[in-house]
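Residue numbers (the numbering used here): 148 to 384. We treat Cβ as the ideally placed atom computed from N, Cα and C, and that holds for glycine. Reading through the structure tokens given below for one structure.
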């Protein structure tokens, strides 16, 4: 009976699966899955690199063909005929006219100016804002087109009164400028514009321009002590 039981036990053991073979099969399946994941990741990575390379190549070709240049902006003339500050009421009365020129140096790109908004400030305090116009859109609310290799005049009129609060240093600067009859005024223009190549018009972009101006003061009939010097402005996108 003991021998028979031992044979039965051996027979049952032989019927159990080969654990080593099972482990090897599972390992091979895991390795195949890992190789598939690595292969998929490699394909995606190569595809991304190819797309970046193609897009960069397209931009390089367009740049070499178009040779785009930033447009140039300058203030050619500034007239300040009123700039009176009353400390008791903190009221500033002003009348400032600025004449700009916008130059498009590009040979292939036209520029659409959809909106140009101007802001002026005195020693860090903004006192006026207005829409900048050109003779091309003086009687229209629509944008105007600037052609290649062309220069167009623009005009901004800042006139009125506003309550502003000058601190002690600003009041001292104002009193000094009144004596010297030259006021330091900062002007900023904000653009919404589009570029045109042939019949294709690019989506609109935003830019800005800033200038620091030393504007001579002259009321009506008063001769200017110092002439205004035309100033080239800094343009940013």
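Same chain, Cβ closer than 6 Å to residue i, five either side skipped, listed in chain order
{"i": "residue 242", "result": "228, 229 and 306"}
{"i": "residue 193", "result": "none"}
{"i": "residue 333", "result": "268 and 359"}
{"i": "residue 383", "result": "355"}
{"i": "residue 224", "result": "246"}
{"i": "residue 265", "result": "277, 279, 303 and 336"}
{"i": "residue 320", "result": "270"}
{"i": "residue 248", "result": "221, 223, 298 and 300"}
{"i": "residue 239", "result": "232, 274, 309 and 311"}
{"i": "residue 244", "result": "226 and 304"}
{"i": "residue 190", "result": "none"}
{"i": "residue 250", "result": "219 and 298"}
Residue i and residue j closer than 9 Å at C-beta
{"i": "residue 377", "j": "residue 329", "result": "no"}
{"i": "residue 295", "j": "residue 235", "result": "no"}
{"i": "residue 339", "j": "residue 261", "result": "yes"}
{"i": "residue 315", "j": "residue 324", "result": "no"}
{"i": "residue 353", "j": "residue 381", "result": "no"}
Residues bridged to residue i [DSSP beta-bridge criterion]
{"i": "residue 329", "result": "363"}
{"i": "residue 308", "result": "240"}
{"i": "residue 233", "result": "238"}
{"i": "residue 247", "result": "222 and 301"}
{"i": "residue 266", "result": "276 and 335"}
{"i": "residue 345", "result": "Paired residues: none, contrary to the question."}
{"i": "residue 227", "result": "243 and 364"}
{"i": "residue 379", "result": "221"}
{"i": "residue 357", "result": "335 and 381"}
{"i": "residue 293", "result": "258"}
{"i": "residue 352", "result": "340"}
Integer Cβ distance of residue i from residue j, believed to fall under 8 Å
{"i": "residue 291", "j": "residue 281", "result": "6 Å"}
{"i": "residue 237", "j": "residue 311", "result": "6 Å"}
{"i": "residue 347", "j": "residue 341", "result": "Going by Cβ atoms, the distance from residue 347 to residue 341 rounds to 10 Å, so no, they are not a contact pair."}
Cut-off 8 Å between Cβ atoms - residues of its own chain near residue i, not counting five sequence neighbours on either side
{"i": "residue 374", "result": "363"}
{"i": "residue 272", "result": "311, 312, 313 and 317"}
{"i": "residue 322", "result": "none"}
Cβ-based neighbour list, residue i, same chain, cut-off 7 Å, excluding 5 preceding and 5 following
{"i": "residue 351", "result": "261, 339, 340 and 341"}
query: Is there contact between the region 215 to 222 and the region 192 to 207, where contact requires at least three CB pairs shorter than 8 Å?
result: no
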